[in-house]
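What follows is one structure encoded as structure tokens, with my remarks underneath.
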Amino acid sequence: MVVVTYDKLPPLTIGPHERVFVLTGAGISAESGIHTFRDQNGLWQRYRIEDVASPAGWHNDASMVWNFYSQRRAQAEEVAPNPAHYALAELEAKLENRLFLCTQNVDPLHERAGSRRVCHMHGELFKSRCENAKCHTPPHEDHGVYLTHETIPNCVMCGQRLRPHICWFGEMPFELDRITRELARCDWFITIGSSGAVYPAAGFVQEVRSHGRARTIYVGPERPDNAGHFDECRLGKAGEVVPVLFA
């Protein structure tokens with residue numbers, strides 16, 4: 001493993017037939033002003049994670065959870081993509097479906113920057129779905145619902161409450177089968193701004209290495225918890241590193 005500041009290594013050269021898997025975490029959005037639950041004095045500091053990000057929290061006080069995500073939405077409306085988001089959108093325009101962009105973030109900053117093929121493994125902040133697991137109404141976008149309804153809206157199909165389309169602690173992340181397939185066939189695995197502490201995403205780099213074919217690169221301001229599994233850790237802010245990461 002090589003751990004250096006981002007300007008000490010040359011850009012990555014992606015071959016004409018090579019596939020790239022990019023995993024983004026809270027660090028890339030934090031540079032745009034999205035608070036993480038690790039921030040001091042941020043939105044998360046006023047709530048216990050288990051109260052607002054778990055099925056039990058929803059069961060115990062759905063109104064508080066609804067209000068919490070209303071605040072998160074209001075915050076997300078005020079921020080814009082940073083250079084790292086735009087650089088990944090440009091990479092997608094060049095590689096097209098040879099780039100698989102998977103994010104742990106629920107904000108829409110990748111899409112706002114122009115990315116069109118984003119896999120949100122932890123859900124999407126501006127979507128809701130029925131809380132009834134037997135109701136097959138698909139998740140839907142509702143940018144105004146959280147900001148204009150003081151009470152929790154009901155599903156138009158079955159009448160039960162809507163809930164945030166978010167993967168809470170204790171729930172299964174979305175699209176894991178698709179993610180697993182992409183991990184198995186990528187030639188480059190690049191993690192940007194993820195702490196390496198939240199599973200299953202923190203284990204993706206080990207899964208890639210088990211296939212023995214991909215180069216593994218980490219980008220972030222400091223070493224992640226799983227740093228030992230990367231070929232290179234390029235230390236620096238995502239907004240500075242990612243725009244010069246690829247040749």
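Everything in the sequence shown is counted per full-length UniProt numbering, starting at 1 for the first residue and increasing by one. Using N, Cα and C, we set each Cβ at its ideal position, and we do this for glycine too. Note that this is a predicted model, so its numbers are computed, not measured.
Mind the definition here: the segment 208-227 touches the segment 153-171 only if three or more C-beta pairs lie below 8 Å; say whether that holds.
-> no
Cβ contact (3+ pairs, closer than 8 Å) linking the segment 151-165 and the segment 119-133 | yes
Taking only runs that begin and end inside the segment 142-200, name each unbroken alpha helix (DSSP H) of 4 or more residues, in chain order.
-> 145-148 and 176-185
Under 7 Å between C-beta atoms of ALA247 and THR13 | Working through the sequence shown from its first residue, we reach residue 247 at position 247. Working through the sequence shown from its first residue, we reach residue 13 at position 13. The answer is yes: Cβ separation under 7 Å.
Under 6 Å Cβ to Cβ from GLY196, same chain only, skipping five residues before and after it: list those, please.
-> Your numbering for residue 196 matches position 196 in the sequence shown. ALA202, PRO224, ASP225 and ASN226, listed in sequence order.
When you compare each of ASP231, ARG209, MET64 and GLN206 to TYR218 by their alpha carbons, which one comes out closest?
-> Here residue 218 refers to the residue found at position 218 when the sequence shown is read from its first residue. When each option's Cα is compared against that of TYR218, the closest is ASP231.
Whose C-beta lies closer than 6 Å to the C-beta of GLY100 among residues of the same chain, with five residues either side of it excluded?
-> Indexing the sequence shown from 1 puts residue 100 at position 100. Gly is not the amino acid found at residue 100; the sequence shown has Phe there. Closer than 6 Å at the Cβ level, and outside the excluded window around PHE100, lie PHE21 and GLU182.
Which residues DSSP lists as bridging THR24, in chain order = Along the sequence shown, read from residue 1 onward, the residue named residue 24 stands at position 24. THR103 and ILE192.
Quick one: is LYS237 buried, meaning 16 or more other Cβ sit within 10 Å of its Cβ, or exposed?
-> In the sequence shown, residue 237 corresponds to position 237, counting from 1. LYS237 comes out buried.
In chain order, which beta strand (DSSP E) runs of at least 3 residues are fully inside the segment 30-101?
-> none
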